[in-house]
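Q: The structure under discussion is supplied below as C-alpha cells; questions concerning it will follow.
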Amino acid sequence: MKGMHLPDIRMLLQGASPRSSEMFPELNNLLNTTPDKAEQGKLTLLCDARTDGSFLVHHFLSFYLKANCKVCFVALLQSFSHYNIVAQKLGVSLAAARERGQLVFLEGLKSSVDVFFQAQEDPHPLQFLREASAGNLQPLYEFVREALTPADNGEAAWRCPVLLVDDLSVLLSLGMGAVAVLDFVHYCRATVCCELKGNMVALVHDSGDAEDEENNTLLIGLSHQSHLILRTEGLATGFCKDVHGQLRILWRRPSQSTARRDRSLTFQYKIQDKNVSFFARGMSPAIL
Amino acid sequence: MAAVATCGAGAGGTESMAAATSKSNVTSFQRRGPRARGTDSGGPRLVSIAGTRPSVRNGQLLVSTGLPALDQLLGGGLAVGTVLLVEEDKYSIYSPLLFKYFLAEGIINGHTLLVASAKEDPADILQELPAPLLDDSCKKEFDEDVCNKKPESDIKMKIAWRYQLSPKMEVGPVTSSRFGHYYDVSKRIPRELIETSKWHGFFLPEKMSSADKVECCSLTPGYMKLLHFIQNIIYEEGFDGSNPQKKQRNILRIGIQSLGLPLWGDDVCCSENCDSSHSLSKFLYILRGLLRTSLSACIITMPTHLIQNKAIIARVTNLSDTVVALESFVGSERETNPLYKDYHGLIHIRQIPRLNNLICDESDVKDLAFKLKRKLFTIEAEWTVRERDREKGLSFVVGSPSNDRHGRCTTLI
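Just so you know, the sequences run in chain order U and B.
Going by numbering that gives the first Met the number 0, the first sequence opens with residue 0, and the numbers climb by one from there.
Going by numbering that gives the first Met the number 0, the second sequence opens with residue 0, and the numbers climb by one from there.
Next up, the structure:
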C-alpha cells in the first residue's frame with residue numbers, strides 16, 4: 000500500500016481495542032483525523048455499490064457532533080429514532096444535541112407526510128413533493144442556510160457548520176433531476192463550505208449495472224467536486240459472513256489541477272454491533 | 000436466529016408480559032429513553048398487542064408474515080412500520096399466496112386489514128384466504144410428513160459432511176404459538192372469521208369512478224387516491240395516535256396487490272422511458288412515511304419482471320425495507336431438471352433492513368428454494384438439494400449464478 004506508514008499497518012493488524020463510546024476509531028485512524036482537528040471547507044462524498052454504506056453516515060454524524068460542530072442533518076431515508084438509537088451506541092445522543100441547538104434534524108419521512116397531505120402556508124423544504132412538474136430544491140437550500148448560518152445574538156459558538164445528507168439518490172427517486180440536485184449541492188457548498196467555512200458530507204448510491212443515468216450523472220458530478228471520497232463496495236465474489244465489504248478511500252484536490260495522482264487506500268471491513276473493524280485486504284481475522 | 004424451541008418460549012414470554020402489562024402499568028421491560036418505533040402515544044410498552052413480539056436483536060416490534068419459514072429468514076418477522084416488497088414470479092402463481100398468508104395471519108390475530116387491488120375485488124380476495132391449521136389436526140399431518148421424509152434425512156452425507164451440521168430452514172407446527180400460523184391452501188377460511196374481522200377494501204375501478212377532483216401532482220391518480228385512503232384510515236382509526244378520540248392498540252395490515260400494473264394508470268411496466276417514472280417511487284416514499292408514524296405493516300407485490308427500466312427497480316428496492324423475490328420454475332428449463340423436481344421455485348431475500356442498528360439479521364444462506372405443499376410452505380437451502388442428490392448419484396448440473404446482490408458464499412475451510 001503506497002504511501003502508508005508502517006506503524007499504521009501494525010496498529011491495524013494488532014486490532015486496537017476500540018472504546019465503545021467512540022465512533023469508529025479505526026476509521027478515524029484511516030482518515031487520519033480526530034474530532035479535535037477536523038478539517039474545514041471540505042466536501043466528502045460517501046458512495047455505496049452493491050452494499051449498504053449507511054454506517055459511514057452514522058460515523059460522520061457522531062464524529063461531527065463530538066467535534067462540537069453545528070450539524071444540519073437532512074435525513075431522508077430513515078426516521079429520527081433510528082439514527083438516535085444507533086448514535087447512542089456510538090456515544091452521542093441526538094435528542095440531547097437537538098435540544099441544545101447543536102443539531103438541526105430534517106426528518107424526511109415524517110415531513111413528507113405533513114407536506115403531502117396538508118397544504119402548508121410557508122414554503123416547506125420538501126415542497127417539491129406537491130409539485131406536478133420537476134421543480135427545484137431551493138426551499139431545501141433555504142432551510143439548510145437558515146439552519147447553519149450563525150445567529151447574531153451571540154449564542155454558544157459552535158466550531159464550524161456541517162451539512163450531512165442521507166441520501167441524495169432519494170431526491171432523484173422523488174422526481175428531481177440530476178441537474179437540480181447538483182445545483183442544490185453547488186449552492187450548499189458555496190454557502191456551507193466557502194462562506195461559512197464548514198463541511199459537507201453526502202451519500203449517493205451507485206446503482207452499478209442498473210443503468211440509472213441520472214444517478215450516474217450525479218455521482219460523476221459530485222466525484223469531481225469532492226475532497227474525500229469513501230466508496231464501499233460489496234465483495235466481488237459475493238456474500239461473506241466475516242468480510243462485509245471493501246472500503247476505498249480517495250483523497251482529492253479538486254481545485255488544483257496537478258498531474259500528481261491522488262492518494263487512495265483500500266481496506267476491507269466487518270460491521271459489528273457498535274463498531275466497524277477495518278483490515279487490509281485478505282487479512283480478515285477470520286482467515287488469519 | 001432463534002430456534003424452534005426458543006420460538007415457543009418467546010411466545011410464552013410475550014403472553015406473560017401481556018398479562019403483566021394488563022394488570023399494572025409498569026413492566027420491567029419498559030425501555031428507558033427514546034421509544035424504539037411506533038406512535039408517540041403515552042402508556043406502557045407496546046408488547047400487549049396480539050400477534051406481535053419484540054425482536055431479539057433490537058427490541059423492534061415484529062409481526063408475522065404468515066409464513067413461519069419466511070419469518071425466520073427475516074430475523075424473526077416483519078417489523079411494524081416497514082414495507083415488505085415481494086417481487087412477483089413470472090406467472091403470478093406463488094406471490095398471491097404470500098399475499099394471502101399475510102392477510103390471513105392478520106385475521107387470525109385480530110388485526111385490522113386494508114386490502115388494495117386494481118384487478119380483484121378485495122372482498123373476493125378475502126373469501127379465498129387459506130384456512131388456518133388448528134393444532135391437533137396439523138400435528139398429526141406433520142408427523143406423517145416427517146415419517147415419509149425420515150429415510151432421506153437420515154442418509155449421512157459422506158462428502159459434504161459439513162452441510163449435515165447446518166440447521167434446516169423449515170419449522171414444523173409443533174406447538175401452538177401465538178406468533179406465526181400455518182395454513183391449508185386447499186381449504187377456504189371460515190366465513191365467520193372474515194365476518195368478525197375488521198377490514199377495509201380499496202378496489203381501484205370503484206374509487207376512480209367517483210369524480211373527485213384530485214389535486215394535480217406528479218403522482219398517478221390511482222396512487223393518489225390510495226394514499227389518501229390509507230392516510231384516512233390511519234387517522235380515523237387512530238393507528239398513528241394523533242386522533243384524541245381513538246386509542247388504538249391494534250396493528251393495521253396493509254396489502255397492496257400488483258402495484259405498478261397498467262391497471263393503476265402507471266406506465267412503468269409498459270415502456271422503458273415512461274412519463275410517470277417517478278410516480279411509483281414517490282408513492283413508496285410517502286407510504287413509508289405513513290407507515291413509520293403508525294402501527295402498521297405493509298406487504299406490496301409488484302410484477303418487477305414487467306418493468307423494463309432497471310433503474311426503477313433499483314430505486315424501488317432502495318425505497319423499500321424488506322425485499323423478497325420469488326422465481327418459480329414453471330415454464331423454465333428448471334421445471335424438468337431432476338435436481339429441482341421436489342421444489343417449485345427459488346426465493347431470493349434481496350434486502351433486509353437495518354433498523355435501529357448497524358447490522359441486520361442476514362441469513363448465511365443465500366440460495367433458497369421453496370416448495371408448496373398443501374399445509375406447508377417450506378423454504379430450504381438450495382445446496383442441500385444438490386448435495387443430497389449428488390450422494391444418490393444423480394447428474395450434477397450447475398445452475399446459473401444467482402443474480403441477486405450476494406453471490407455464492409466462499410467458505411474457507
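Even glycine gets a Cβ: it sits at the ideal position worked out from N, Cα and C.
All figures in this text were calculated on a predicted structure; none of them were measured in a lab.
(1) Could you tell me whether the Cβ of L357(B) comes closer than 8 Å to any Cβ of chain U?
(2) Could you tell me which of W198(B), D265(B), Y182(B) sits nearest to M223(B), measuring between CA atoms?
(3) Is the stretch 189-198 of chain B in contact with the stretch 102-109 of chain B, if contact means three or more CB pairs nearer than 8 Å?
(4) Measuring alpha carbon to alpha carbon, tell me which residue in N242(B), D366(B), I48(B), I351(B) is nearest L60(B).
(5) Chain B beta carbons: is any one of them nearer than 8 Å to that of K240(U)?
(6) Counting only runs of 4+ residues fully inside the stretch 250-338 of chain B, write out the alpha helix (DSSP H) ranges in chain order.
(7) Between S111(U) and I285(B), is the Cβ-Cβ spacing less than 8 Å?
(8) Spatial neighbours of E334(B) within its chain, please: C-beta separation below 6 Å, excluding the five flanking residues on both sides.
(9) Any beta carbon from chain U within less than 8 Å of R248(B)'s own beta carbon?
(10) Residues of the stretch 270-296 of chain B in Cβ contact with chain U at a cutoff of 7 Å, in chain order, please.
(11) Roughly how many whole angstroms lie between the Cα atoms of T64(B) and C297(B)?
(12) So which residues on chain B does S206(U) lean against when the C-beta distance must stay under 7 Å?
(13) Return the CA-CA distance between S429(B) and Y63(U), expressed in angstroms with no decimal places.
(14) Which of the three DSSP states, helix, strand or coil, is assigned to G200(B)?
(15) Report the three-state DSSP secondary structure of A94(U) (helix, strand or coil).
(16) Any contact of the stretch 255-263 of chain B with the stretch 109-124 of chain B, i.e. 3+ C-beta pairs under 8 Å?
(17) Which of helix, strand or coil does DSSP assign to N67(U)?
(18) Under 8 Å between beta-carbons, which chain U residues line up against R353(B)? List them in chain order, please.
(19) Taking buried to mean at least 16 other C-beta atoms within 10 Å of its own C-beta, is Q230(B) buried or exposed?
(20) Let me know the secondary structure DSSP gives D183(B) once reduced to three states.
(21) For P129(B), which three-state DSSP category applies?
(22) State the DSSP-derived secondary structure class of M199(U), mapped to helix, strand or coil.
(23) For D360(B), collect the residues of the same chain with a Cβ closer than 8 Å to its Cβ; drop the 5 residues on either side in sequence, then sort them by chain order.
(24) Taking 8 Å as the CB-CB limit, is L108(U) close to chain B?
(25) Rounded to the nearest angstrom, what separates A324(B) and V85(B) at their Cα positions?
(26) Checking 8 Å against the spacing of the C-beta atoms, do G244(U) and T50(U) come in under that value?
(27) In the DSSP assignment, find the alpha helix (DSSP H) that holds D165(U) and state where it starts and stops.
(28) Expressed to the nearest angstrom, what Euclidean distance is found between the alpha-carbon atoms of E191(B) and T111(B)?
(29) Which partner residues does C239(U) have in the DSSP bridge list?
(30) With distances taken from CA atoms, which of S362(B), A78(B), H304(B) is nearest K89(B)?
(31) In terms of alpha-carbon separation, which member of E212(U), R99(U), P149(U) lies closest to E194(U)?
(32) If the cut is a Cβ gap below 8 Å, which residues of chain U does L318(B) touch?
(33) Answer with yes or no whether the minimum CB distance from Q126(B) to chain U is below 8 Å.
(34) Interface residues of chain U around Q230(B) at Cβ under 8 Å?
(35) Does any C-beta atom of chain B lie closer than 8 Å to the C-beta of S225(U)?
(36) How big is the Cα-Cα spacing for R252(B) and L181(U)?
A: The answer reads as follows:
(1) yes
(2) D265(B)
(3) yes
(4) I48(B)
(5) yes
(6) 278-291, 309-318
(7) yes
(8) F328
(9) no
(10) H277, S280, K281, Y284, I285, R287, G288, L289, R291, T292
(11) 10 Å
(12) A310, A313
(13) Only positions 0 to 412 of chain B appear in this structure, which leaves residue 429(B) out of reach.
(14) strand
(15) helix
(16) yes
(17) coil
(18) D51, S53
(19) buried
(20) strand
(21) strand
(22) strand
(23) M0, R56, L73, G74, G75, I351
(24) yes
(25) 6 Å
(26) yes
(27) Per DSSP, D165(U) belongs to no alpha helix (DSSP H); it is in the beta strand (DSSP E), 160-165.
(28) 15 Å
(29) Its beta-bridge partners do not exist; DSSP assigns none.
(30) H304(B)
(31) P149(U)
(32) V169, S172
(33) no
(34) V112, F116
(35) no
(36) 39 Å
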